[in-house]
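Undergrad:
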Amino acid sequence: MAITYFSAERRTDGAVGAGETLAFDTIIASEGLGNQINYDMATGIVTLWEGGYYYINWFVAPQFGFTTDGSNWTIIKGSSGLGFTGSSHTKVSATTGFAFVSVGADGDNFRLINSSDGEIILSLATESKAGIVIHKVAQEYQPPPN
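Sequence positions in the sequence shown follow numbering that gives the first Met the number 0 and run 0 to 145.
1) According to DSSP, is D105 part of a helix, a strand, or is it coil?
2) For N113, is the classification buried or exposed, using 16 other Cβ atoms within 10 angstroms of its Cβ as the cut-off for buried?
3) What does the alpha-carbon distance come out to for the pair S122 and I36?
4) What separation, rounded to the nearest whole angstrom, lies between the Cα atoms of E49 and T125?
5) Alpha carbon to alpha carbon, what distance is there between L47 and S101?
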């Protein structure tokens with residue numbers, strides 16, 4: 000079974016408005032890009048073409064935010080609109096989140112959105128403003144050889 004994964008960062012600063020998708024501008028590593036995984040840098044949408052189970056992990060480093068509810072970021076699954084949220088109680092500390100999702104045989108897509116009630120300004124001090132890792136989890140357990 001081939002390994003399928005994708006890792007990207009956001010290295011440019013700027014603002015992400017409430018409800019907007021955070022787009023990553025640098026692909027760090029990938030296996031399966033183009034046939035099992037597609038990433039659109041313009042829209043921030045990740046498309047997974049191969050059915051199975053995927054683990055998604057992300058972080059966002061904010062500078063500050065115009066929010067009343069801290070820093071909240073949500074992975075939105077395209078076909079269902081189902082969301083997985085990571086939150087920070089402050090507007091200036093790193094926000095992390097993770098999700099374990101099932102993708103049907105026809106594939107699906109995901110995006111990371113600012114689910115706070117206001118705009119978040121990404122860190123001006125860090126090189127990496129945000130990051131995401133998506134990894135396909137093997138569907139069969141193979142015990143180690145004796």
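Backbone N, C-alpha and C define an ideal beta-carbon position, used for all residues, glycine too.
TA: Based on what the coordinates show:
1) Numbered from 1 along the sequence shown, position 106 holds the residue referred to as residue 105. Three-state DSSP puts D105 in coil, outside helix and strand.
2) Walking along the sequence shown from the start, residue 113 turns up at place 114. By the 10 Å Cβ count, N113 comes out buried.
3) On the sequence shown, position 123 is the one that residue 122 refers to. On the sequence shown, position 37 is the one that residue 36 refers to. Each residue's Cα considered, the two are about 28 Å apart.
4) One-based indexing of the sequence shown puts residue 49 at position 50. One-based indexing of the sequence shown puts residue 125 at position 126. So the alpha carbons of these two residues sit roughly 34 Å apart.
5) Residue numbering aside, residue 101 sits at position 102 when the sequence shown is read from its first letter. Residue numbering aside, residue 47 sits at position 48 when the sequence shown is read from its first letter. Near 11 Å, if we compare the C-alpha coordinates of L47 and S101.
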